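Its first residue numbered 1, the sequence shown is counted upward by one per residue in our numbering.
Below you'll find the structure, written out as structure tokens, and then a few comments.
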Amino acid sequence: MKEPAEKATELFRQMNKNRRDIFKAYQGFTAAIKKGSAIEDKYQSLILIACSILSQCDMCISLHVQNAASHGATRDEIIDAGLLAVAMGGSPKMMYMRYVYEEVDKLFE
Numbered sequence: 001m002k003e004p005a006e007k008a009t010e011l012f013r014q015m016n017k018n019r020r021d022i023f024k025a026y027q028g029f030t031a032a033i034k035k036g037s038a039i040e041d042k043y044q045s046l047i048l049i050a051c052s053i054l055s056q057c058d059m060c061i062s063l064h065v066q067n068a069a070s071h072g073a074t075r076d077e078i079i080d081a082g083l084l085a086v087a088m089g090g091s092p093k094m095m096y097m098r099y100v101y102e103e104v105d106k107l108f109e
């Protein structure tokens, strides 16, 4: 079974192949937001973890947890970002913490 991040990468490749113009425009848009941001990369990633949980996207959670760790976020910071989303979204969002724990367990063994 493929990991959520692998599934996302496969999806990105397919989108790039089939509608490169739209995919590149989307990538440009998100890059422009990040580049001009006053928020450091680590904190952007932590915010995106919470947003991913609220959006209920396992692939997004996986990618953003990995990205947060690569920008120096600790295991506890990543978990706390997820718990903030649970606080806002309630028990249905709590079920998506499973993906956060799976990723941090792999990254912080």
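Quick reminder that beta carbons are idealized off the backbone N, C-alpha and C, glycines included.
Predicted model, so just to flag it, every value in this text is computed and none were measured.
Here GLY90 is exposed, its C-beta having fewer than 16 other C-beta atoms within 10 Å. Contact between the region 14-28 and the region 46-57 is absent, with fewer than three C-beta pairs closer than 8 Å.
For a cut-off of 8 Å, the C-beta gap from LYS42 to ALA81 is around 10 Å, too long to register as a contact. Of the residues assessed, MET59 falls on the buried side of the cut-off, its CB having 16 or more other CB atoms within 10 angstroms. Contact check for TYR101 and ILE61: beta-carbon distance about 10 Å, past the 8 Å limit, so the pair fails to qualify. DSSP places CYS60 in the uninterrupted alpha helix (DSSP H) bounded by 58-70. For ARG19, no alpha helix (DSSP H) run applies, since DSSP gives it neither H nor E. By the criterion of a C-beta distance shorter than 6 Å, VAL86 is surrounded in its chain by LYS93, MET94, once the five residues flanking it on both sides are discounted. Here DSSP, grouped into helix, strand and coil, assigns SER91 to helix.
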